[in-house]
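Novice: According to the numbering used here, the sequence shown is numbered sequentially starting from -4.
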Amino acid sequence: MPHVQTAYLDDDALDLSGADAAPARVIEIGEVTAGIAVPERGGVRFFSSERRFDGLDGTLFRTVEQAARAARAAREKGRQPRLRAV
């Protein structure tokens, strides 16, 4: 069974009564497609399209903007300098 995360990052109420009609949104960070945000009751579910964003896969965010912020943070975390053997 896949692990599902839920992230509620603000206290604003979200009305998704028309969520079925709302389209999925592509989240791009720079020139990279991080994934898609699919509307569902309670927010949007993020599905990653690249390995570096897999930690967010399945997470429920209240808004597309929150999902995009989390994807940007994941990208920045992945840019940490790596030590190389000499």
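Glycine included, each C-beta is placed from N, C-alpha and C at the ideal position.
So, for glutamate 45: in the same chain, excluding its five sequence neighbours on each side, which residues have a beta-carbon less than 8 angstroms away from its beta-carbon?
Specialist: Only Val27, Thr28, Ala29 and Gly30 meet the Cβ criterion.
Novice: For alanine 17, tell me which candidate among Gly25, Ala32 and Ile24 has the shortest Cα-Cα distance.
Specialist: Answer by Cα proximity: Ala32.
Novice: Compute the Euclidean distance between the alpha carbons of glycine 38 and threonine 54, then round it to the nearest angstrom.
Specialist: Their Cα atoms are separated by approximately 10 angstroms.
Novice: Quick one: what's got a C-beta closer than 8 angstroms to alanine 19's C-beta in the same chain, skipping five residues either side?
Specialist: Only Ile31, Ala32, Val33 and Pro34 meet the Cβ criterion.
Novice: Hey, quick one: how far does the alpha helix (DSSP H) through alanine 17 stretch, first residue to last?
Specialist: No alpha helix (DSSP H) holds alanine 17; DSSP gives it neither H nor E.
Novice: Among residues of its own chain, excluding the 5 on either side of arginine 47, which ones have a beta-carbon nearer than 6 angstroms to its beta-carbon?
Specialist: Hits under 6 angstroms: Gly73.
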